[in-house]
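The working numbering numbers the first residue of the sequence shown as 10 and each following residue consecutively. Okay, structure first, notes after.
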Amino acid sequence: MKKNKKKYVIIAIILIALIVALIVTYFVMFKKKTSNNEIDNNVTNYNSPYEIKDNTLQAFDLYFMQLENNKKNMVYSPLSIKYALSMLREGTIGSSNKELNNIISNYDIKTYDTTKNLSLANAFFIKDDYKKNIKDSFLKTLKEKYNAEIIYDSFESTDNINNWIKEKTLGLIPNILDDVKDNTYFLVNALGINMDWKYVIEEAYTENNNLNVYDDGHRNYAGFGVSYAHENYFVGVDVINDDYYPVLPFDNNRLKVKSVEFASSINNYDIINELGESNIRKIVGEEYEKWLASGECGGSDETTEELLNRYIKELSKGYKDVGTSTDYKFYIDSDVKVFQKELKNYNGLELEYIALMPRKELLSNYIKNMDKDKISNYINDLKSIELNNFEKGKITKITGKLPLFEMTYDLDIKSDLEKLGVQSIFKEGYARLDKLSTDKSSYISTIKHRANFEFSNEGIKASAATVGGGAGDMSCEFDYLFDVPVVEIDMNFDKPFMFILEDKKTKEVWFMGTVYDPIVADYE
């Protein structure tokens, strides 16, 4: 594969848990205004099917997508949610601790060194006049286990917290908080990533590009193309020019959207062995002599024997050739299409983007019935573009277009967690944050999770806040093209689909989402 231009991926995650200890009078007012401040014992149990067994894809990761299955663009970060809940658990005892353990009991926190490509940061912001209420043992745990910064602030404005979050998320989340005056402390998890694809999906034209030009007999392709000498076959991908992206009809032509295109060709057809060299020589020789006799283009000085020797040599070169416009893996059957593409390795960290599109049923119905084992099996069955992975005696042509998309989504995380059985930490008088604060009235008033995600040819930007045969001529030269058996695989993602961004090695999910409305093509 030829070397592609450098492209980048920027990913940023923030999770903010706003933990507020309110004065007694406000508690009373809150009780009067709130119709449901009781624990739902029908929800809370300590044998949850969503308990996290390890760091691989879990039912917990899929839960939020299934619960908020509203047929629209959505994105969230299971990694960020789990990280924040783990930090919160450190400050709990009793029922509050049991509820969190019921979900994240076996979750293993992994820390990362901060580099120019990765920033994983935690902070505990404490209001100056509340400092005396925070337990030293909790601060010690945050610093030693989570490498968290302990920051004291007057909370007169949002500047310090917002600026910290902006810095740790590579500037992608500049102003997440509007007001902090009534709060006493904030527990923040922020993750920022700046990474490149291994290879760009589709070449873009620049004045400095040294692009190859391919001709399929009808048009030129600048960028990527595969043809085999004397075989009636071609596949190609043109370059992106002047920000004009290929148009993809989407969702039964409901939308025409911008996309990026890819293609591959795998030649497992041994044409000389299949047709027989003597048979090829007979057919081509007869056609060549007819062409010479016709006097077209003045004929040729090449004898029939010379022509046939050259022809056979050139014809043999296509067999076992593998060509691809970019790196990827895929899986396809009658029910789904799956596409995978990797990011570069940074200090041992390898992330991969996986898109999954149901072919028969609606995405919303598919999500209702999906489970982690089914998704994991699809990922395990992904094919790389290698000769042995494809049908013998055929040429396989893979073509596909991937929609460009961007979205922002606010997860109703507090309600979602309560339905999972995590309830007491949100209830005045029930929260047991005894290992966090000496203030017995402390409880979590708000937990936010906002995420945005952009898939483009340049990469991914994301942030989350939780917080036939015949003779012919080309340029007056004789040629005879044999029809060849071709298996065509259509990998267009032209219907609503879901996606996952995960650690390639550990299979821990960083982002999940659904795409119903990609970027509309604003040109003909």
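Where is the CB? At the ideal position from N, CA and C, for every residue including glycine.
8 Å contact criterion, which residue i and residue j should meet: CB distance rounded
i	j	result
D187	T167	7 Å
T313	G294	5 Å
T515	T65	7 Å
S273	G332	7 Å
N277	E400	6 Å
S105	N198	Contact doesn't hold; Cβ gap of about 19 Å is too wide.
Y194	K136	6 Å
A130	I160	11 Å between Cβ atoms; not a contact.
M500	T408	7 Å
S57	L352	Wrong, their Cβ atoms sit about 33 Å apart, outside the cutoff.
L445	S454	Not quite, the Cβ-Cβ distance comes to about 14 Å (not below 8 Å), so this is no contact.
I249	E286	With a Cβ gap of about 43 Å, I249 and E286 do not count as contacting.
I388	I363	6 Å
Buried versus exposed, by CB contacts within 10 Å (16 or more), residue i
i	result
I102	exposed
A302	exposed
E305	exposed
D503	buried
Y532	exposed
L31	Below a pLDDT of 50, predicted positions are generally treated as unreliable, and L31, at 25, falls in that range; no measurement from the model is reported.
L9	The structure shown does not extend to residue 9, since the chain is modelled only from 10 to 533, so the question has no answer here.
R263	exposed
M483	With a pLDDT of only 42 at M483, under 50, the local geometry of the prediction cannot be trusted, and the value read off the model is given with reservation. Exposed, since its Cβ has fewer than 16 Cβ neighbours within 10 Å.
T178	buried
I118	exposed
K299	exposed
E212	buried
K149	exposed
E6	Missing from the structure shown is residue 6; the chain here goes from 10 to 533 and no further.
N192	buried
E361	buried
Option in the options with minimal Cα separation from residue i
i	options	result
L109	L510, P494 and S433	S433
V555	V524, D526, Y525 and F508	For the chain, the structure presents residues 10 to 533; residue 555 sits outside this window and is missing.
R319	R290, E296, V345 and V331	R290
L411	V269, Y362, T65 and F134	V269
R368	N288, P505, R441 and M379	P505
K81	S95, W206, I159 and M416	M416
N282	I275, Y297, G307 and L324	L324
L413	F462, V347 and P58	F462
I182	A460, N78 and I388	A460
Y59	F243, S114 and E437	S114
F243	Y525, D526 and V495	V495
R98	F134, L151, E77 and V84	L151
E158	K190, N171, V347 and L196	L196
I384	A68, Y418 and D63	A68
G402	Y362, D330, F464 and K107	D330
K377	I292, E315 and N78	N78
D419	D382, K457, N398 and A440	K457
F464	K62, V84 and K107	V84
D492	K62, S236 and G438	S236
I61	G100, Y116, Y439 and L94	Y116
Separation of residue j from residue i, as counted between CA atoms
i	j	result
G522	L127	22 Å
Y121	S343	40 Å
G357	N466	24 Å
D247	G234	8 Å
K350	L365	12 Å
M379	E486	57 Å
S309	A238	19 Å
L284	I498	25 Å
D512	M204	13 Å
D252	L510	26 Å
D443	A530	55 Å
Y139	G180	29 Å
K175	N184	8 Å
F164	P258	50 Å
I112	M96	13 Å
G307	I275	37 Å
K436	Y92	21 Å
Y208	F271	12 Å
P255	I528	12 Å
L490	P87	54 Å
F520	L200	12 Å
D279	Y375	41 Å
D526	K346	18 Å
Chain C within 9 Å of residue i, Cβ atoms only
i	result
I159	Reference to chain C is not applicable here, since this structure consists of a single protein chain.
Worksheet item: Between the segment 320 to 338 and the segment 376 to 396, do at least 3 Cβ pairs fall closer than 8 Å?
Response: yes
Worksheet item: Using 8 Å as the threshold, is the segment 417 to 437 in touch with the segment 57 to 73, meaning 3 or more CB pairs across them?
Response: yes
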